[in-house]
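When we follow full-length UniProt numbering, the leftmost residue of the sequence shown carries the number 1, and every step to the right adds one.
Each residue gets a CB set at the ideal place from its N, CA and C atoms; glycine is no exception.
Source: prediction; values computed, not measured.
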Amino acid sequence: MRPSANRPAAIVAVIVAVVVTAMVGIVLSTTRGGPAASTASMVTASPDETAVPTYVAMGSSFAAGPGEGPIVDHRCLRTGDNYPSQVARQVGLKLVDVTCSGSTAAELVTGPKKHRKPTRRPQVEAVDRNTKLVTITTGGNDIDFIGRIMTEACVNMRALGLSHCGSGRLIPVPPNPADYARLEQSLIRAVDTIKARGPQARIVLVDYTPVVAVNAPPCELLPLAPWQVDQETQIAREMSAINQRVADRTGALHVVTTQLAPQHSACGPQPWVRGFGKKMVFHPNAAGKAGIADLVVAELRR
Numbered sequence: 001m002r003p004s005a006n007r008p009a010a011i012v013a014v015i016v017a018v019v020v021t022a023m024v025g026i027v028l029s030t031t032r033g034g035p036a037a038s039t040a041s042m043v044t045a046s047p048d049e050t051a052v053p054t055y056v057a058m059g060s061s062f063a064a065g066p067g068e069g070p071i072v073d074h075r076c077l078r079t080g081d082n083y084p085s086q087v088a089r090q091v092g093l094k095l096v097d098v099t100c101s102g103s104t105a106a107e108l109v110t111g112p113k114k115h116r117k118p119t120r121r122p123q124v125e126a127v128d129r130n131t132k133l134v135t136i137t138t139g140g141n142d143i144d145f146i147g148r149i150m151t152e153a154c155v156n157m158r159a160l161g162l163s164h165c166g167s168g169r170l171i172p173v174p175p176n177p178a179d180y181a182r183l184e185q186s187l188i189r190a191v192d193t194i195k196a197r198g199p200q201a202r203i204v205l206v207d208y209t210p211v212v213a214v215n216a217p218p219c220e221l222l223p224l225a226p227w228q229v230d231q232e233t234q235i236a237r238e239m240s241a242i243n244q245r246v247a248d249r250t251g252a253l254h255v256v257t258t259q260l261a262p263q264h265s266a267c268g269p270q271p272w273v274r275g276f277g278k279k280m281v282f283h284p285n286a287a288g289k290a291g292i293a294d295l296v297v298a299e300l301r302r
């Protein structure tokens with residue numbers, strides 16, 4: 001018997017009917033909240049909704065914390081007990097620590113200059129839409145703040161025949177108004193960039209741990225002449241004033257430390273920095289790291 005000429009058409013009609021029925025079933029299942037609806041929700045869910053909130057720490061050695069404590073990043077001399085790590089534990093956020101010794105405020109956005117090694121990416125690139133907190137402690141390397149104090153101490157001790165450190169190095173000139181202006185603009189640019197990348201982030205500008213204080217008695221841990229103490233104290237105050245102006249302009253928070261200098265500077269009764277002759281001289285000690293962390297957390301909880 002010859003096949004019916006209408007059989008292919010009938011087969012096609014059956015296939016079409018099956019496909020249409022299946023599609024209707026999927027649509028009905030989706031509208032009723034069945035398995036297809038769950039699958040669609042999983043596919044379209046935003047990654048921001050499931051990501052872990054982060055705290056990004058930025059800055060130079062006063063944030064990285066070298067000198068004591070376990071080193072967790074040899075390239076940046078970053079320690080596991082620096083103030084950002086202690087803040088992260090207290091506030092319960094996942095820490096993304098990009099602090100790096102030797103970095104400048106200008107490099108927060110641009111990254112280090114090409115001739116500097118090892119190369120690092122701009123610190124602001126660690127910020128994203130899941131960032132809830134950012135702290136910044138920077139600026140000293142832009143104006144050679146700690147480098148100047150170290151050199152002054154070495155020159156003074158060499159003159160007394162008590163040390164040979166820093167032989168041949170000249171004392172850097174103090175920063176001028178243009179230097180301060182560049183630092184301020186670098187910080188404004190960094191904060192604005194952070195706000196654009198992480199609109200939910202609270203941004204905190206954190207002063208340097210106090211090193212010098214006019215009212216503190218002289219001591220062998222800070223072998224500076226009185227006029228040098230006056231000069232470096234004024235520079236520290238101007239750095240803090242810059243942080244305050246940037247905070248006022250951008251809406252960031254500001255942790256001030258200048259009022260703590262008489263108590264916690266190198267010659268204070270409870271120093272927060274290591275003095276002359278110590279490892280990583282004039283940088284935060286364990287008490288200083290813990291103290292700054294407590295100040296940051298207190299500011300966040302105000």
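Opposite residue 58 in the DSSP bridges: which residues?
136
Notebook entry, point to check: Just how far apart, CA to CA, sit residue 189 and residue 140?
Noted result: The straight-line gap from Cα to Cα measures roughly 17 Å.
- Using the C-alpha atoms, what's the distance from residue 171 back to residue 254? 30 Å
Does residue 292 pass the burial test, meaning 16 or more other C-beta atoms within 10 Å, or should it be called exposed? buried
Bridge partners of residue 73, per DSSP? 78
Check: What is the DSSP secondary structure of residue 142, counted as helix, strand or coil?
Finding: coil
Worksheet item: For residue 44, which residues from the same chain have a beta carbon less than 7 Å from its beta carbon, with the 5 sequence-adjacent residues on both sides left out?
Response: With a pLDDT of only 32 at residue 44, under the threshold of 50, the placement of this residue in the model should not be trusted, and no figure is reported.
query: Grouping DSSP H, G and I as helix and E and B as strand, with all else coil, what is residue 230?
result: helix
Could you check whether residue 256 and residue 207 sit closer than 9 Å to each other, using their CB atoms as the reference points? yes
**Coarse secondary structure for residue 188, derived from DSSP in three states** = Note: residue 188 maps to helix in three-state DSSP.
Three CB pairs or more closer than 8 Å across the segment 73-81 and the segment 147-158: no
Residue from 221, 225, 142, 91 whose Cα sits closest to the Cα of residue 113: Taking only the C-alpha atoms, the option nearest residue 113 is 142.
Checklist entry - Three or more C-beta pairs closer than 8 Å, one from the segment 196-213 and one from the segment 174-182: is that the case here? => result no
Cβ-based neighbour list, residue 121, same chain, cut-off 7 Å, excluding 5 preceding and 5 following:
111
query = What's the gap between the Cα of residue 202 and the Cα of residue 58?
reply = If you take the alpha carbons of residue 202 and residue 58, they lie about 13 Å apart.
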